[in-house]
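Residue numbers (our numbering): 794 to 900.
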């Protein structure tokens, strides 16, 4: 598989100017072989991220704070102004919903 390579200088140019460099023919690099297991894992994670977006707002926020930002139950409770018990319940409901939806997505 061959994909365009923007190159480090292109990325620096984009960061410095906010504009992409003009390039008629981008360099091509060949990707290393990617195993089916790795592809499956990437697809599973992409599905999970899409499913997180479908959660109710409070559940989604708890999932993001707990698992993306790696905050404790106590920290999440303080941030969203709920009790620790309420955060645990929101997390439980979110994970249950995600588990069910993931099983349905891979059935």
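Yeah, the Cβ is synthetic: ideal placement off N, Cα and C, and Gly gets one too.
Treat the numbers as computed from the prediction; the structure is a model and nothing was measured.
Runs of the alpha helix (DSSP H) lying entirely within the stretch 875–899 and spanning at least 4 residues, in chain order: 877–898. CA-to-CA, the gap between residue 828 and residue 851 works out to about 37 Å. For residue 845, the enclosing alpha helix (DSSP H) has its first and last residue at 829–846. Counting C-beta pairs with one atom in each stretch, the stretch 890–900 and the stretch 838–852 have three or more that are closer than 8 Å, which means they touch. Per DSSP, residue 855 is one residue of the alpha helix (DSSP H) stretching across 850–856. Relative to the Cα of residue 860, the nearest Cα in the group 830, 884, 878 and 834 belongs to 884. The beta carbon of residue 866 sits closer than 7 Å to the beta carbons of 877, 880 and 881 from its chain, once the five residues preceding and following it are set aside; these are given in chain order. The alpha-carbon of residue 835 is positioned some 14 Å away from that of residue 826.
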